[in-house]
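Student: In the working numbering, the protein residues as written are 91 to 191. Think of the CB as a built atom: it goes at the ideal place given N, C-alpha and C, for glycine as much as any other residue. The model shown is predicted, which means the values in this text are computed figures rather than measured ones.
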């Protein structure tokens with residue numbers, strides 16, 4: 091997406107958003123949700139379709155995976171656009187809870 095599709099969008103380099111519309115502007119959370127839902131339905135996998143995958147869950151997932159791979163929390167904070175490290179540290183707490191189970 092980043093190297094093949096996104097550059098075809100109008101004015102793609104003027105947005106710092108990862109997912110953008112064909113006009114080059116940031117897409118809404120609802121649009122992203124609809125696209126993820128369409129992809130989930132296209133898999134025909136009942137388990138995936140029944141999961142409630144939202145943009146917020148995707149944010150948690152990427153943050154968790156980055157933490158698991160050893161990416162510094164300060165880098166994750168910047169990536170997620172958090173102004174406070176405390177917000178990002180919630181993800182480390184969630185990761186610790188999961189590993190304790």
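1) What's the C-alpha gap between residue 122 and residue 161?
2) On the DSSP bridge assignment, give the partners of residue 149 in chain order.
3) Taking only runs of the alpha helix (DSSP H) that begin and end inside the segment 103-140, which ones reach a length of at least 4 residues, in chain order?
4) Skipping 5 residues on each side, what residues in its chain have a beta carbon closer than 6 Å to that of residue 126?
5) Using the Cα positions of residue 119 and residue 137, report the straight-line distance between them to the nearest angstrom.
6) In terms of residues, what are the limits of the alpha helix (DSSP H) holding residue 164?
7) Any idea if residue 168 is buried or exposed, counting beta-carbon neighbours within 10 angstroms, 16 or more meaning buried?
8) With 16 other CB atoms within 10 Å as the buried threshold, where does residue 117 fall?
Tutor: So, from the listed chains and residues:
1) Here residue 122 is taken as the residue at index 32 of the chain shown, counted from 1. Here residue 161 is taken as the residue at index 71 of the chain shown, counted from 1. Residue 122 and residue 161 have their alpha carbons spaced roughly 25 Å apart.
2) By one-based count along the chain shown, residue 149 stands at place 59. Bridge partners of residue 149: none, in fact.
3) Runs of alpha helix (DSSP H) with 4 or more residues, each lying fully within the segment 103-140, are found at 119-133, 136-140, listed in chain order.
4) For the purposes of this step, residue 126 is taken as the residue at position 36 of the chain shown. Here the set comprises 143.
5) Translated into positions along the chain shown, residue 119 becomes position 29. Translated into positions along the chain shown, residue 137 becomes position 47. Separation of residue 119 and residue 137 (C-alpha to C-alpha, rounded to the nearest whole angstrom) is 23 Å.
6) Along the chain shown, one-based indexing puts residue 164 at 74. It spans 163-170 - the alpha helix (DSSP H) in which residue 164 sits, taken as one unbroken run.
7) Position 78 of the chain shown holds residue 168. The residue is exposed, with fewer than 16 neighbouring Cβ atoms inside 10 Å.
8) Along the chain shown, read from residue 1 onward, the residue named residue 117 stands at position 27. Flag for residue 117 reads buried.
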